[in-house]
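A.B. asks: I am attaching a structure below and will ask some questions about it afterwards.
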Amino acid sequence: MNKVAIGIDIGGTNTAIGLTNREGKVLIKQSIPTPKHGIIELYLDDIVKTMKALINKFTSSEVVGIGIGAPNGNYYDGSIDYAPNLSFKGKVPIVTLLKEKFQNIKKVHLTNDANAAALGEKIYGGAKDFNDFVMFTLGTGIGSGIVVNGNLLYGHSGFAGECGHMLIEPNGRLCGCGVRGHLEAYCSANGIKRTAFELLAQNNNTDSILSNYSLADLNSKIIYNAAKSGDLLAIEVFKLTGYWLGIGLANTIHHLDSQAIFLFGGPLAAGDFIIKPTVESMEKHLLPIYRNKVKIIPSQLNGGDAAILGASSLVWIENN
Numbered sequence: 354m355n356k357v358a359i360g361i362d363i364g365g366t367n368t369a370i371g372l373t374n375r376e377g378k379v380l381i382k383q384s385i386p387t388p389k390h391g392i393i394e395l396y397l398d399d400i401v402k403t404m405k406a407l408i409n410k411f412t413s414s415e416v417v418g419i420g421i422g423a424p425n426g427n428y429y430d431g432s433i434d435y436a437p438n439l440s441f442k443g444k445v446p447i448v449t450l451l452k453e454k455f456q457n458i459k460k461v462h463l464t465n466d467a468n469a470a471a472l473g474e475k476i477y478g479g480a481k482d483f484n485d486f487v488m489f490t491l492g493t494g495i496g497s498g499i500v501v502n503g504n505l506l507y508g509h510s511g512f513a514g515e516c517g518h519m520l521i522e523p524n525g526r527l528c529g530c531g532v533r534g535h536l537e538a539y540c541s542a543n544g545i546k547r548t549a550f551e552l553l554a555q556n557n558n559t560d561s562i563l564s565n566y567s568l569a570d571l572n573s574k575i576i577y578n579a580a581k582s583g584d585l586l587a588i589e590v591f592k593l594t595g596y597w598l599g600i601g602l603a604n605t606i607h608h609l610d611s612q613a614i615f616l617f618g619g620p621l622a623a624g625d626f627i628i629k630p631t632v633e634s635m636e637k638h639l640l641p642i643y644r645n646k647v648k649i650i651p652s653q654l655n656g657g658d659a660a661i662l663g664a665s666s667l668v669w670i671e672n673n
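Position 220 of the sequence shown, counted from 1, bears residue number 573 in our numbering, the numbering being contiguous throughout.
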């Protein structure tokens with residue numbers, strides 16, 4: 354009987370669920386909205402229903418485990434703890450809840466979503482030959498997974514790697530966590546939108562394509578398309594985003610002396626519009642001993658499958 358794992362990636366906007374094999378192939382997947390209602394029981398019902406539907410399509414396979422990547426996912430106790438970008442408050446014992454629903458599946462593991470992405474990159478992506486690297490995920494928020502000597506760094510309480518909440522602008526923008534000036538408030542998908550609207554307001558700019566969009570409708574893809582068309586304000590948005598992200602990467606390298614930093618997430622589709630200013634800013638803010646030594650590498654995982662692969666890799670690692 355073929356063995357498969359279930360990977361669940363809980364994002365601030367959507368939740369991706371899929372079945373994978375040990376070789377890193379996503380056999381089947383589905384995405385459901387991550388709700389804003391904050392009622393964990395209803396959300397869990399949606400997850401379980403989706404999982405059962407996927408499993409029923411592979412009746413000849415044995416599900417050996419479930420891997421979950423989530424914001425503020427605590428590997429040690431299996432709970433999502435006070436995630437600022439999710440509507441569920443307090444501690445959510447997601448591992449216990451899923452074990453109750455799937456009592457025949459013994460392996461259920463949770464980690465931070467960015468940790469899961471780092472694992473996926475290490476096993477299936479471009480980090481196979483790196484033992485010391487950091488994965489930054491840019492999405493609704495900013496996460497990071499730290500690999501040191503080939504192993505994920507969890508820290509004392511399980512929350513090592515909150516690089517998205519490093520301070521880059523004292524008394525700056527309000528972050529979703531409630532503190533001002535964090536990297537996430539500037540370089541997440543929402544942060545990029547805020548930069549665009551700040552520039553529009555500061556310059557009273559009505560010539561930019563971006564002035565035709567509301568905050569709710571604007572996204573990084575629209576900003577990228579505008580930059581490609583030569584929109585100067587859109588290009589400036591990515592320059593500023595890269596400047597702030599480069600500061601964050603430099604700080605990270607100063608702490609960890611990593612070989613490489615992998616970047617993953619929707620905003621990275623902008624390519625050199627964001628990568629080039631990021632590298633320039635990082636090199637500018639690095640100590641001389643680190644300059645021109647650390648590689649900045651876009652994730653080598655298939656963007657549509659990366660989150661699921663990362664989450665399910667928890668199962669295969671734990672089964673080794």
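Where is the CB? At the ideal position from N, CA and C, for every residue including glycine.
1. On a Cα-Cα basis, can you pick out the residue from T631, L463, G478 that is closest to Y507?
2. Measuring only the C-alpha atoms, how far is L397 from T412?
3. Could you check whether the segment 538-550 touches the segment 487-496, counting it as contact only if at least three pairs of C-beta atoms, one from each stretch, sit closer than 8 Å?
4. Measure the alpha-carbon distance for F486 versus G514 and round it to whole angstroms.
5. Contact defined as beta carbons within less than 8 Å: I believe A358 pairs with V417. What is the distance between those atoms, to the nearest angstrom?
6. Could you tell me the alpha carbon to alpha carbon distance between V448 and I361, rounded to whole angstroms?
7. What residues in its chain sit with their C-beta under 8 Å from that of G391, if we drop five residues either side in the sequence?
8. With distances taken from CA atoms, which of K454, G479, I370 is nearest P386?
9. Please identify the residue among G479, E415, E522 whose C-alpha is closest to the C-alpha of Q348.
10. Should G517 and G534 be called a contact, given that it needs their Cβ atoms to be closer than 8 Å?
11. Go ahead and label D584 buried or exposed: buried means 16 or more other beta carbons lie within 10 angstroms of its beta carbon, across all protein chains shown.
12. Leaving out five residues before and five after K389 in sequence, what residues of the same chain have Cβ atoms less than 8 Å from its Cβ?
13. Can the beta-carbon of V500 be found less than 8 Å from the beta-carbon of A471?
14. With a 10 Å radius around its C-beta and 16 neighbouring C-beta atoms as the bar for buried, classify K481 as buried or exposed.
15. A459: buried (16+ other C-beta within 10 angstroms of its C-beta) or exposed?
16. Can you give me the start and stop residues for the beta strand (DSSP E) that Q555 sits inside?
17. In the DSSP assignment, find the unbroken alpha helix (DSSP H) run with G599 in it and report its ends.
18. How many Å lie between G365 and A423 at the Cα?
19. Any idea which residues DSSP pairs T490 with across the strands?
20. Is the segment 520-539 close to the segment 641-660, with three or more CB pairs under 8 Å?
21. Please state if the CB of Y577 and the CB of A549 are separated by a distance shorter than 8 Å.
22. Compute the distance between the beta-carbons of I606 and Y566, then report whether it is under 8 Å.
23. What is the residue span of the beta strand (DSSP E) that S384 lies within?
24. Measuring alpha carbon to alpha carbon, tell me which residue in N557, N558, L598 is nearest E537.
25. From L586, E633, D610, pick the residue whose C-alpha is nearest to that of N557; which is it?
C.D. replies: Short version:
1. In the sequence shown, residue 507 corresponds to position 154, counting from 1. It is L463 whose Cα lies nearest to the Cα of Y507.
2. Against the sequence shown, residue 397 aligns to sequence position 44. Against the sequence shown, residue 412 aligns to sequence position 59. Each residue's CA atom was taken as its position, placing L397 and T412 some 22 Å apart.
3. Between the segment 538-550 and the segment 487-496 there are three or more C-beta pairs closer than 8 Å, enough to call the two in contact.
4. Mapped onto the sequence shown, residue 486 falls at position 133. Mapped onto the sequence shown, residue 514 falls at position 161. So the alpha carbons of these two residues sit roughly 12 Å apart.
5. To locate residue 358, count along the sequence shown from 1; it is residue 5. To locate residue 417, count along the sequence shown from 1; it is residue 64. Yes, they are in contact, since the Cβ atoms of A358 and V417 sit about 6 Å apart, within 8 Å.
6. Indexing the sequence shown from 1 puts residue 448 at position 95. Indexing the sequence shown from 1 puts residue 361 at position 8. Roughly 12 Å separates the two Cα atoms.
7. As a first step, residue 391 is located in the sequence shown; it is residue number 38 there, counting from the start. Same-chain partners within the cutoff: S440, F441, K442.
8. Here residue 386 refers to the residue found at position 33 when the sequence shown is read from its first residue. Nearest C-alpha to P386: I370.
9. The question about residue 348 has no answer, for the chain in this structure spans 354 to 673.
10. Taking the first residue of the sequence shown as 1, we reach residue 517 at position 164. Taking the first residue of the sequence shown as 1, we reach residue 534 at position 181. Not a contact, by the Cβ cut-off of 8 Å.
11. The residue you call residue 584 lines up with position 231 of the sequence shown. With 16 or more Cβ atoms within 10 Å of its Cβ, D584 is classed as buried.
12. Locating residue 389 in the sequence shown gives position 36, counting from the first residue. Cβ neighbours of K389 beyond the five flanking positions: S440.
13. For the purposes of this step, residue 500 is taken as the residue at position 147 of the sequence shown. For the purposes of this step, residue 471 is taken as the residue at position 118 of the sequence shown. Yes, the pair counts as a contact, with Cβ atoms nearer than the cut-off.
14. For this step, residue 481 is matched to residue 128 along the sequence shown. Exposed is the call here.
15. Against the sequence shown, residue 459 aligns to sequence position 106. The sequence shown places Lys at residue 459, not Ala. Only exposed fits K459, as fewer than 16 other CB atoms lie within 10 angstroms of its CB.
16. Stepping through the sequence shown from its first residue, residue 555 is reached at position 202. Element bounds for Q555: not the beta strand (DSSP E) but the alpha helix (DSSP H), 542-555.
17. As a working note, residue 599 is residue 246 in the sequence shown. Per DSSP, G599 is one residue of the alpha helix (DSSP H) stretching across 585-609.
18. Position 12 of the sequence shown, counted from the first residue, corresponds to residue 365. Position 70 of the sequence shown, counted from the first residue, corresponds to residue 423. Computed Cα separation, rounded: 9 Å.
19. By one-based count along the sequence shown, residue 490 stands at place 137. Partner(s): G496, F617.
20. The answer is no - the segment 641-660 does not touch the segment 520-539, with fewer than three Cβ pairs under 8 Å.
21. Along the sequence shown, read from residue 1 onward, the residue named residue 549 stands at position 196. Along the sequence shown, read from residue 1 onward, the residue named residue 577 stands at position 224. No; because the gap between Cβ atoms is not below 8 Å, this pair is not in contact.
22. For the purposes of this step, residue 606 is taken as residue 253 along the sequence shown, with counting starting at 1. For the purposes of this step, residue 566 is taken as residue 213 along the sequence shown, with counting starting at 1. The answer is no: Cβ separation not under 8 Å.
23. Reading the sequence shown from its first residue, position 31 is the one you call residue 384. From DSSP, the beta strand (DSSP E) with S384 extends over 379-386.
24. Here the question's residue 537 lines up with position 184 in the sequence shown. Checking every option, the nearest Cα to that of E537 belongs to L598.
25. Looking up residue 557 in the sequence shown gives position 204. The shortest CA-to-CA distance from N557 to any of L586, E633, D610 is the one to L586.
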